[in-house]
Structure formats: structure tokens, C-alpha cells
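The structure appears right after this line, and notes come after that.
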Amino acid sequence: MTPISSVEELKQIQINILLAIDKFCNEHNIKYSLACGTLLGAIRHKGFIPWDDDIDIYLLREDYNRLITAFPTVLDGKYSLNSLERNPLWNRPYAKAFDTQTIEIEAVKNNVPNMGIGIDVFPIDDVPDDEAEWKQFDKRRRFLQNCYTLKTLAWRKERSFGKNLFAVCASVLLSPWSFRKLAEIIDKYCQRHNGKGYNHIFECCLGRICRHSFKKQDMEQVVDIPFEQYTFKAMTGYDDYLTSTYGDYMQLPPKEKQVSHHVFEAYWK
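In terms of the working numbering, the sequence shown opens at residue 10 and continues consecutively.
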């Protein structure tokens, strides 16, 4: 295997995956939106956040299911899509589109065999409009998500002994449940309010930063926005979404926080 040591090379691989997803979604009338730091980067920097190195997209659950069903085993000879529905070895409550000509090894315990460099594909689910109901749902959702996250933590030299010990203890306590089983529990819980006519949505499968749901109408339509030298889709309500997630999102964070939080190795096969 040949190491991928350049961040720019890594980013271009991810952009190429996104270009393939964008083309496929447009051809099949599937709406998606750039999301999380990717959307923030598109609005604030017209591309990647300078210290970021990944791409995330959102799809409303109906569009997510259509993508999962319609996406071929291999697209354009090298792009594939993993999800709970498509791969019995997949163990995460969201999907990932990846380049099959690459290998990505993350510093976590839930690595999936033969997973390449990819972009995260998150389903967006309906949540209660009532604030008290939303908070109760979100509290339980975060408990399930925290259980999953604790189980993924691997021993890392740069982490303190106390934190490493905590990670080991948590892993032992959660050992009766496999990563896939926890992912299936989270996936089922996330969908419990779909189809009830609610007007609010959230990234239930993983969302940790934001504690506020956002309006469904913010994502029902999309617009074109520039990202690097390309054009991709963004929810029309991106300002409300970014504000509820990051606050004053046009303000740069302090220098000490301008770092990537992703730890992995990447290779060409």
C-alpha cells in the first residue's frame, strides 16, 4: 500500500467522491445538503475550513432511504456506499460513501474491514415540536450515542492515563453489545417520530454539538453554493442551521481550537 500523506491529496479524493454523489443525486432527484463543518466551510471559506479534513452531507430520511436503495454496488468503477442496510459488517448508525481504491484506518475500535477514504452521509429525522418532548427525546438519544462513542475509544498514547482507564472500563461494561447492535438500536430510536407530522428535524444518529432542533422547512429546498472550485447543494435555511449549531459562525475560533480532531491513516491500495 502507498501512504496518502498529503492533506491536499486527501481532500481531492473526498471532493471526487462528493462530485460522484452530487451527480447521482441530481440524476435521481434526491435532495442532499452539505452539513456540519463542510457547510460552515462553504459559507465562511468557500471551501474546506483550513484546518478541517473531512466532508459531511445530510439527507432527509426519505431521501436517505432512496439513496441507500438506489446506489449501485460500485459507482463509476470505484465508489461504494456502506450502511446498516447494505453491509452486514457495517456498524455505524449512518452511511459512508467511499473510494474503493483506498484504505482508511481510524484510531477507533469500530473500524470496518476494507473501508476507504470517504464522506459521511447522515440521515435527518423528524423530532417533536414541543420543547419539553424534544429535550426528553434528545436526552435519551444522547445517552445511546454516548454509549456507542465510549465503546469506540481505543488506548491512545497522547491521552492521559485516567482517560485511557475510563475508556477501558466503559468498553468492558458495554461488551455485551456489539457496535452493530448499538448502531441498530440508535438507528431505530432516531426514527421513532418520523411520519407524525412534526415540523422540526435533527441529526439524531450522531449530532453532539447542537442542542437545538431546526425547522424542517430549512432543508426541504436546496440551493447551489461554491465549495473549492466546484458547486454543491446546501439547505436554504443554512443560516438558521449554522447559527443554532455554531453561534456566530462567521467568527473564527481561537488559534488553539483551529485543529483537526480526526485521527486516521490513509493509503492507496
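Backbone N, C-alpha and C define an ideal beta-carbon position, used for all residues, glycine too.
For residue i, which beta-bridge partners are listed by DSSP?
i       : result
His-209 : Val-136 and Lys-224
Phe-131 : Tyr-67
Tyr-239 : Phe-236
Ala-29  : Its beta-bridge partners do not exist; DSSP assigns none.
Tyr-276 : Pro-12 and Ile-112
Ser-42  : Tyr-67
Leu-84  : Tyr-88
Does the beta-carbon distance from residue i to residue j come in below 8 angstroms?
i       : j       : result
Thr-254 : Cys-219 : yes
Pro-132 : Arg-70  : yes
Tyr-207 : Val-136 : yes
His-202 : Lys-224 : no
Leu-27  : Ile-112 : no
Phe-188 : Asn-119 : yes
Glu-237 : Ile-52  : no
Asp-108 : Lys-87  : yes
Trp-60  : Ser-269 : yes
Val-117 : Thr-161 : yes
Phe-273 : Ile-114 : yes
Phe-33  : Leu-84  : yes
Lys-278 : Gln-110 : yes
Pro-185 : Lys-55  : no
Asp-134 : Phe-211 : yes
Output needed for residue i: all residues of its chain with C-beta closer than 8 angstroms, excluding positions within five of it in sequence on either side, in chain order.
i       : result
Leu-19  : Ile-13, Asp-62, Ile-126 and Ala-275
Asn-155 : none
Met-124 : Asn-91, Lys-105, Phe-107, Ile-112 and Glu-113
Met-10  : Ile-112, Tyr-276, Trp-277 and Lys-278
Indicate the three-state DSSP secondary structure (helix, strand or coil) for residue i in the structure shown.
i       : result
Glu-281 : Absent from the model: residue 281. The displayed extent of the chain is 10 to 278, so no value can be given.
Glu-115 : strand
Asn-35  : helix
Asp-248 : helix
Val-231 : strand
Leu-183 : coil
Lys-105 : strand
Leu-162 : strand
Glu-167 : coil
Val-98  : The amino acid occupying residue 98 in the given sequence is Leu; Val does not appear at that position. Note: Leu-98 maps to coil in three-state DSSP.
Leu-215 : coil
Ser-177 : A small fix is needed here, since residue 177 is Val in this sequence, not Ser. DSSP places Val-177 in helix when its eight states are reduced to three.
Ser-269 : coil
Tyr-258 : coil
Arg-149 : helix
Rounded to whole angstroms, how far is the Cβ of residue i from the Cβ of residue j, which I believe are closer than 8 angstroms?
i       : j       : result
Ile-64  : Thr-82  : At roughly 22 angstroms, the Cβ-Cβ gap does not stay under 8 angstroms, so Ile-64 and Thr-82 are not in contact.
Ala-141 : Leu-159 : Actually they do not touch by this definition, with Cβ atoms about 27 angstroms apart.
Ile-39  : Arg-95  : With a Cβ gap of about 16 angstroms, Ile-39 and Arg-95 do not count as contacting.
Ser-15  : Ala-243 : So it is not a contact: roughly 27 angstroms between Cβ atoms.
Ala-176 : Leu-93  : Contact doesn't hold; Cβ gap of about 25 angstroms is too wide.
Leu-49  : Tyr-239 : Wrong, their Cβ atoms sit about 17 angstroms apart, outside the cutoff.
Who are the Cβ neighbours of residue i in its own chain at under 7 angstroms, not counting the five residues just before and after it?
i       : result
Cys-214 : Pro-102, Tyr-103, Phe-131, Pro-132, Ile-195, Asp-196 and Cys-199
Val-231 : Lys-40, Ser-42, Lys-242, Ala-243, Met-244 and Thr-245
The ligand NAD and residue i: does any heavy atom of the ligand fall closer than 7 angstroms to the residue's C-beta?
i      : result
Asp-61 : Although the ligand NAD was asked about, the structure shown includes no ligands whatsoever.
Looking only at its own chain, which residues have a Cβ that is under 6 angstroms from the Cβ of residue i, when we skip the five neighbours before and after it?
i       : result
Asp-31  : Phe-241
Asn-100 : Asn-119, Phe-188, Arg-189 and Ala-192
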